[in-house]
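A.B. asks: Pasting a structure below so you can have a look.
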Amino acid sequence: MFDNKSIIITGGTGSFGQKYTKTILERYNPKRLIILSRDELKQYEMQQIYNAPCMRYFLGDVRDGDRMMQAFKEVDYVIHAAAIKHVPAAEYNPMECIKTNIHGAENVIKAAIANKVKKVIALSTDKAANPINLYGATKLVSDKLFVAGNNIVGEGDTRFSAVRYGNVVGSRGSVVPFFQQLFSNGATALPITHPDMTRFWITLQDGVDFVLKNFERMQGGEIFVPKIPSVRITDLAEAYGPGLKHDIVGIRPGEKMHEIMCPADDSHHTIEFDDHFVITPSISFFGREHDYSISQLGEKGALVKPGFEYHSGNNHHFLSTAEIKDLDEESV
99 MFDNKSIIIT
109 GGTGSFGQKY
119 TKTILERYNP
129 KRLIILSRDE
139 LKQYEMQQIY
149 NAPCMRYFLG
159 DVRDGDRMMQ
169 AFKEVDYVIH
179 AAAIKHVPAA
189 EYNPMECIKT
199 NIHGAENVIK
209 AAIANKVKKV
219 IALSTDKAAN
229 PINLYGATKL
239 VSDKLFVAGN
249 NIVGEGDTRF
259 SAVRYGNVVG
269 SRGSVVPFFQ
279 QLFSNGATAL
289 PITHPDMTRF
299 WITLQDGVDF
309 VLKNFERMQG
319 GEIFVPKIPS
329 VRITDLAEAY
339 GPGLKHDIVG
349 IRPGEKMHEI
359 MCPADDSHHT
369 IEFDDHFVIT
379 PSISFFGREH
389 DYSISQLGEK
399 GALVKPGFEY
409 HSGNNHHFLS
419 TAEIKDLDEE
429 SV
């Protein structure tokens, strides 16, 4: 569906954007693939790796509505990956987080509607479900904005959905490179926030593939959640620092013990499919009704039981230390 189409990735120089770019170039023949970000150095570095004739690099910030209007001209598909993601940084710089994650989402929606973009998928996070930190709260607002975008568009054809998943193996700012660096520098112990902490775990390629598939299956208004494994933070530390003792340093500002992707309060809106969940909109859209239990690909799902909650602590699939290592090697 991306052959001879124009695609833009906001925050495109990040880990996700670069993997998405690599995948699109390997599998499709796009008319244009636009990388939009505000960091000229990251764009320069990315251009040394990805410089296909179809590619365009746009300097710009999602906070700038006029720049979004210009960047989205004649664009068919938008992947909105730009965000301030670091939990403690968001706690200490709340207004900056709000400007990017909320006002930036609003600018993306307005520009997509004005330019008659076909489909938009915004990247969300498990931290947006029952949020206790500012980053999660801003992404929950962003999710709500993108769902409501399907109503704001009125009789237009632009459709908006979101994808929510957990921690990405080896992404910039994740704990994995941090543990690896400490181990390689000869550390005798690894800092652990809490021995009972768990997280959802997904490779960057699996995240990209999930987003690509959802462009095909989306009707507009869905929050897509993949079924993925969990990890225990102690197993993670053992995988990347075998034999090292663990120093318990305490939970950081805004952190949870376990992450949630499908809250119990949304169980009456949650449909389970073979390999994913869909959280359906709580609002109805002007002049449109969708049966979200059947995707655009013909996949069939069913409502979960009342009170169902999908979180990293009650997941039926936990990775072993060996599986964590294998997944890391596969993701390189």
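Mind the numbering: the sequence shown is residues 99 to 430 in this note's numbering, read in order.
We put the CB at the ideal spot given by N, CA and C, even for glycine.
This one's a predicted model, so the numbers in the text were calculated from it and none came from an experiment.
(1) Are there 16 or more other CB atoms within 10 angstroms of the CB of residue 330, so buried, or fewer, so exposed?
(2) Short check: CB of residue 195 to CB of residue 203, under 8 Å?
(3) Mapping DSSP to helix, strand and coil, what is residue 342?
(4) Would you mind sorting residue 142 into buried or exposed? The rule is 16 or more other CB atoms within 10 Å of its CB.
(5) Just how far apart, CA to CA, sit residue 155 and residue 165?
(6) Just the Cα atoms here: how many angstroms apart are residue 399 and residue 363?
(7) Are the CB atoms of residue 256 and residue 309 within a distance shorter than 8 Å?
(8) Looking at residue 101: is its Cβ nearer than 8 Å to the Cβ of residue 127?
(9) Specify the secondary structure class of residue 152 as computed by DSSP and reduced to three states.
(10) Out of 370, 262, 277, 339, which has the shortest C-alpha to C-alpha gap to residue 306?
(11) Given this structure, state the Cα-to-Cα distance separating residue 383 from residue 210, to the nearest angstrom.
(12) Going by C-alpha distance, which of 183, 206, 212, 193 is nearest residue 223?
(13) Please state the DSSP three-state secondary structure of residue 370.
(14) Locate the beta strand (DSSP E) running through residue 406, then write down its first and last residues.
(15) Per DSSP, which residues does residue 400 bridge with? Please list them.
(16) How long is the line joining the alpha carbons of residue 407 and residue 392, rounded to whole angstroms?
(17) Going by the C-beta, is residue 210 closer than 7 Å to any heavy atom of the ligand HEM?
(18) Tell me whether residue 375 is buried or exposed, calling it buried when 16 or more other Cβ atoms sit within 10 Å of its Cβ.
(19) Measure the C-alpha to C-alpha separation of residue 111 and residue 174 and round it to an integer number of angstroms.
(20) Given a cut-off of 8 Å, decide if residue 342 and residue 287 are closer than it, judged by their beta-carbon atoms.
(21) Once DSSP output is grouped into helix, strand and coil, what is the label at residue 415?
(22) Rounded to whole angstroms, what is the Cα-Cα separation between residue 403 and residue 365?
(23) Measuring CB to CB, does residue 281 end up less than 8 Å from residue 190?
(24) Between which two residues does the beta strand (DSSP E) holding residue 297 run?
(25) So residue 326 and residue 227 are supposed to be a Cβ contact under 8 Å. How far apart are they, rounded?
(26) If distances are taken between C-alpha atoms only, which option among 371, 132, 103, 251 comes closest to residue 109?
C.D. replies: Let me spell this out:
(1) Reading the sequence shown from its first residue, position 232 is the one you call residue 330. Here residue 330 is buried. Its C-beta has 16 or more other C-beta atoms within 10 Å.
(2) For the purposes of this step, residue 195 is identified with residue 97 of the sequence shown, where counting begins at 1. For the purposes of this step, residue 203 is identified with residue 105 of the sequence shown, where counting begins at 1. Using a Cβ distance threshold of 8 Å, residue 195 and residue 203 do not count as a contacting pair.
(3) If you number the sequence shown from 1, residue 342 lands on position 244. Three-state result, residue 342: coil.
(4) Counting from 1 along the sequence shown, the entry for residue 142 is found at position 44. So residue 142 counts as exposed.
(5) Translated into the one-based positions of the sequence shown, residue 155 becomes position 57. Translated into the one-based positions of the sequence shown, residue 165 becomes position 67. Residue 155 and residue 165: Cα-Cα distance of roughly 13 Å.
(6) The residue labelled residue 399 in the question sits at position 301 within the sequence shown. The residue labelled residue 363 in the question sits at position 265 within the sequence shown. As the crow flies, the alpha-carbon of residue 399 is around 19 Å from that of residue 363.
(7) As a first step, residue 309 must be located in the sequence shown, where it is residue number 211. As a first step, residue 256 must be located in the sequence shown, where it is residue number 158. No, they are not a contact pair.
(8) Walking along the sequence shown from the start, residue 101 turns up at place 3. Walking along the sequence shown from the start, residue 127 turns up at place 29. A contact, by the Cβ cut-off of 8 Å.
(9) To locate residue 152, count along the sequence shown from 1; it is residue 54. Three-state DSSP puts residue 152 in coil, outside helix and strand.
(10) On the sequence shown, residue 306 is found 208 positions in, with the first residue counted as 1. That would be 262, whose Cα lies nearest to the Cα of residue 306.
(11) Mapped onto the sequence shown, residue 383 falls at position 285. Mapped onto the sequence shown, residue 210 falls at position 112. C-alpha separation (whole angstroms): 18 Å.
(12) Residue 223 sits at position 125 when you count from the first residue of the sequence shown. Taking only the C-alpha atoms, the option nearest residue 223 is 183.
(13) Residue 370 sits at position 272 when you count from the first residue of the sequence shown. In the structure shown, residue 370 sits in a strand (DSSP, three-state: E or B).
(14) As a working mapping, residue 406 is identified with position 308 in the sequence shown. Premise fails: residue 406 is in no beta strand (DSSP E) and is neither H nor E.
(15) For the purposes of this step, residue 400 is identified with residue 302 of the sequence shown, where counting begins at 1. According to DSSP, which records beta bridges pairwise, residue 400 is partnered with 370.
(16) In the sequence shown, residue 407 corresponds to position 309, counting from 1. In the sequence shown, residue 392 corresponds to position 294, counting from 1. Residue 407 and residue 392 have their C-alpha atoms roughly 21 Å apart.
(17) Absence of the ligand HEM is noted for the structure shown, with no ligands found whatsoever.
(18) Here residue 375 refers to the residue found at position 277 of the sequence shown. With a 10 Å radius around the Cβ and a threshold of 16 neighbouring Cβ atoms, residue 375 comes out buried.
(19) Within the sequence shown, residue 111 is the residue found at index 13, counting from 1. Within the sequence shown, residue 174 is the residue found at index 76, counting from 1. Rounded to the nearest angstrom, the two C-alpha atoms are 20 Å apart.
(20) Numbered from its first residue, the sequence shown carries residue 287 at position 189. Numbered from its first residue, the sequence shown carries residue 342 at position 244. The answer is yes: Cβ separation under 8 Å.
(21) Indexing the sequence shown from 1 puts residue 415 at position 317. Here DSSP, grouped into helix, strand and coil, assigns residue 415 to coil.
(22) In the sequence shown, residue 403 corresponds to position 305, counting from 1. In the sequence shown, residue 365 corresponds to position 267, counting from 1. Whole-angstrom Cα-Cα distance: 7 Å.
(23) Translated into positions along the sequence shown, residue 281 becomes position 183. Translated into positions along the sequence shown, residue 190 becomes position 92. Result no, Cβ atoms of residue 281 and residue 190 do not sit closer than 8 Å.
(24) Locating residue 297 in the sequence shown gives position 199, counting from the first residue. Looking at the DSSP string, the run of the beta strand (DSSP E) that includes residue 297 is 296-300.
(25) Taking the sequence shown and counting its residues from 1, one reaches residue 326 at position 228. Taking the sequence shown and counting its residues from 1, one reaches residue 227 at position 129. Rounded, the Cβ-Cβ distance is 14 Å, inconsistent with contact.
(26) Within the sequence shown, the letter at position 11 stands for residue 109. Residue 109 has its Cα closest to that of 132, out of 371, 132, 103, 251.
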